[in-house]
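J.:
Numbering (our numbering), first residue to last: -12 to 481.
1. So what's residue 399 in DSSP terms, helix, strand or just coil?
2. Which full runs of the alpha helix (DSSP H) of 4+ residues lie inside the region 295 to 359, going along the chain?
3. Decide yes or no for the touch test of the region 200 to 219 against the region 395 to 407: beta carbon pairs closer than 8 Å, at least 3 of them.
4. Count the C-beta pairs between the region 419 to 427 and the region 263 to 283 that are closer than 8 Å, then say yes if the count reaches three, no if not.
5. For residue 26, collect the residues of the same chain with a Cβ closer than 8 Å to its Cβ; drop the 5 residues on either side in sequence, then sort them by chain order.
6. Between which residues of its own chain and residue 479 is the CB-CB distance below 6 Å, once the five residues before and five after are set aside?
7. Let's test the definition: count the other Cβ atoms within 10 Å of the Cβ of residue 474 and tell me whether it reaches 16, buried, or not, exposed.
8. Find out if the Cβ-Cβ distance for the pair residue 125, residue 3 is shorter than 9 Å.
9. Exposed or buried, which one is residue 345 when buried takes at least 16 other CB atoms within 10 Å?
10. Considering only C-alpha positions, which residue in the set 432, 440, 395 is nearest to residue 423?
11. Might you give, ordered along the chain, the residues of its own chain that have their beta carbon closer than 7 Å to the beta carbon of residue 202, omitting 5 neighbours on each side?
12. Per DSSP, what kind of secondary structure is residue 447 in: helix, strand or coil?
13. Indicate whether the contact test is met: 3 or more Cβ pairs, each with one atom in the region 342 to 356 and one in the region 438 to 447, closer than 8 Å.
14. Kindly indicate which residue of 312, 327, 348, 356 has the alpha-carbon position closest to the one of residue 335.
15. What three-state label does DSSP hand residue 256 in the structure shown?
16. Indicate the three-state DSSP secondary structure (helix, strand or coil) for residue 273 in the structure shown.
17. Under 8 Å Cβ to Cβ from residue 365, same chain only, skipping five residues before and after it: list those, please.
18. Does the beta-carbon of residue 72 have 16 or more other beta-carbons within 10 angstroms, so that it is buried, or is it exposed?
19. Considering only DSSP beta bridges, list what residue 241 is partnered with.
20. Run through DSSP, which three-state label would residue 54 get?
21. Could you please give me the residues that DSSP links to residue 41 through a beta bridge?
22. By the DSSP assignment, the alpha helix (DSSP H) with residue 410 in it spans what residues?
The following block contains the structure:
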């Protein structure tokens, strides 16, 4: 009797597939269509937004190493050409999987394939160690010699490789036909930019690389560090590279804050002003999470101070991703381009001029550039009065935090990305303004009996990263630039 491996082709080559892509831990879900023409080295994919519109179509000619990307810019598309491309594994190569017994999925008898691996740190002579597992399960059903894909469960590294994550892909349509209409080169592409990545490129590339374990071991051996690291979603990335340097600080007035006695510690999470930690997923939107995280927290604190017994306000990060695009020819780092990055300070100035803000319940996070929906900006109980930058001292930031969380920009190095606990004090995490490239929110400060005082910093890499989504950074020596680029707003009621 022939085995299943002799009956079917274990490598998917030419096909069109429609996928429901889900990240359950961050309640994010996306739908996309993918076309794979392995015979000619051509791939295409696009996403579908809530209005059933095609967004972010990408066409790659992998043999020629070029790709085309129709990027949404607020209310229109602009074609981007890139002189680089790399194949996307929309469906797995099952030769790397073990075939398990048949199983029941949604009432159907299906084939079950599994790929298994693990990440481990050196445990010899250590009191702290961590490891994590990689397990991918693929389910398909035999039809006419083809195992039609039904579900793919991926357990591994997240997009920014900062934590263990779980991804669920459900295939709602599959055919071995290649839809040629999607494989024609896009016209009128005038801009050049690095290629647009598909989420699976992050997940699958990460799942095949184990380069950073030695980095973790060296960090945990350092007796001067008062923090620990462990395998997380950054474990399989290439070593972090410095981004283009920022040349100009945003033109904001300096905050004038009257000195008052300071408490030993302050934590706005405990005081009820801070929302849950989110995950920016596959979008370079940290700047929108810092902007809205600071703004919504200050709105919630104002409501608490006014004895208004109302649910916490949750503002929409996606509204900034879609609607605020900004150019700064003198300093390209300061431009704001949705999922390709931006600046909280300029986003705040833009929000200040609007009649209202968008709530997340009306404008939920998508994780891709989408068309702007200005009609969703209807929350108008509060308005931004002033915005200012905090003087670069520990006392000034503490005084600023007395009225609410503060948006900050930090440096990110390997030890930061692998952080899992303790008071972070790596001096290699720089404080120079031009090196800061990740936007987060400082929600207070605390004191550790052994390792001293620290800032409480909320990240946007999900609650699976760090300490429930937070990192505690030493207040000494301006580690990571916490003091370098801090700003906040004052609010007024309408």
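Just so you know, even glycine gets a beta-carbon here, dropped at the ideal spot from N, CA and C.
T.: Reading from the atomic positions:
1. Start at 1 with the first residue of the chain shown, and residue 399 comes out as number 412. In this structure, residue 399 counts as coil in the three-state DSSP scheme.
2. 304 to 310, 331 to 339
3. yes
4. By the C-beta criterion, the region 419 to 427 is judged to be in contact with the region 263 to 283, since at least 3 inter-stretch pairs fall below 8 Å.
5. Residue 26 sits at position 39 when you count from the first residue of the chain shown. If we look at residue 26 and ignore the five residues flanking it on each side, its Cβ neighbours are 0, 1.
6. Residue 479 sits at position 492 when you count from the first residue of the chain shown. Answer for residue 479: 370, 372, listed in chain order.
7. Numbered from 1 along the chain shown, position 487 holds the residue referred to as residue 474. Residue 474 should be labelled buried.
8. Locating residue 125 in the chain shown gives position 138, counting from the first residue. Locating residue 3 in the chain shown gives position 16, counting from the first residue. In this structure, residue 3 does not lie closer than 9 Å to residue 125 by Cβ.
9. Locating residue 345 in the chain shown gives position 358, counting from the first residue. Flag for residue 345 reads buried.
10. Taking the first residue of the chain shown as position 1, residue 423 is located at position 436. Looking at 432, 440, 395, the one whose alpha-carbon comes closest to that of residue 423 is 395.
11. Numbered from 1 along the chain shown, position 215 holds the residue referred to as residue 202. 401.
12. Stepping through the chain shown from its first residue, residue 447 is reached at position 460. In the structure shown, residue 447 sits in coil (DSSP, three-state: anything other than H, G, I, E or B).
13. no
14. In the chain shown, residue 335 corresponds to position 348, counting from 1. Considering only alpha carbons, the answer is 312.
15. The sequence position of residue 256 within the chain shown is 269, counting from 1. Reduced to three states, the DSSP call for residue 256 is coil.
16. As a first step, residue 273 is located in the chain shown; it is residue number 286 there, counting from the start. Note: residue 273 maps to helix in three-state DSSP.
17. If you number the chain shown from 1, residue 365 lands on position 378. Taken in chain order, the residues that qualify are 343, 345, 346, 349.
18. Working through the chain shown from its first residue, we reach residue 72 at position 85. Buried, by the Cβ-count rule.
19. Locating residue 241 in the chain shown gives position 254, counting from the first residue. Answer is 376.
20. The residue labelled residue 54 in the question sits at position 67 within the chain shown. The answer is strand: DSSP assigns residue 54 an E or B state.
21. Taking the chain shown and counting its residues from 1, the one referred to as residue 41 is at position 54. The partner list for residue 41 (beta bridge, DSSP) reads 35.
22. On the chain shown, position 423 is the one that residue 410 refers to. Element bounds for residue 410: not the alpha helix (DSSP H) but the beta strand (DSSP E), 406 to 411.
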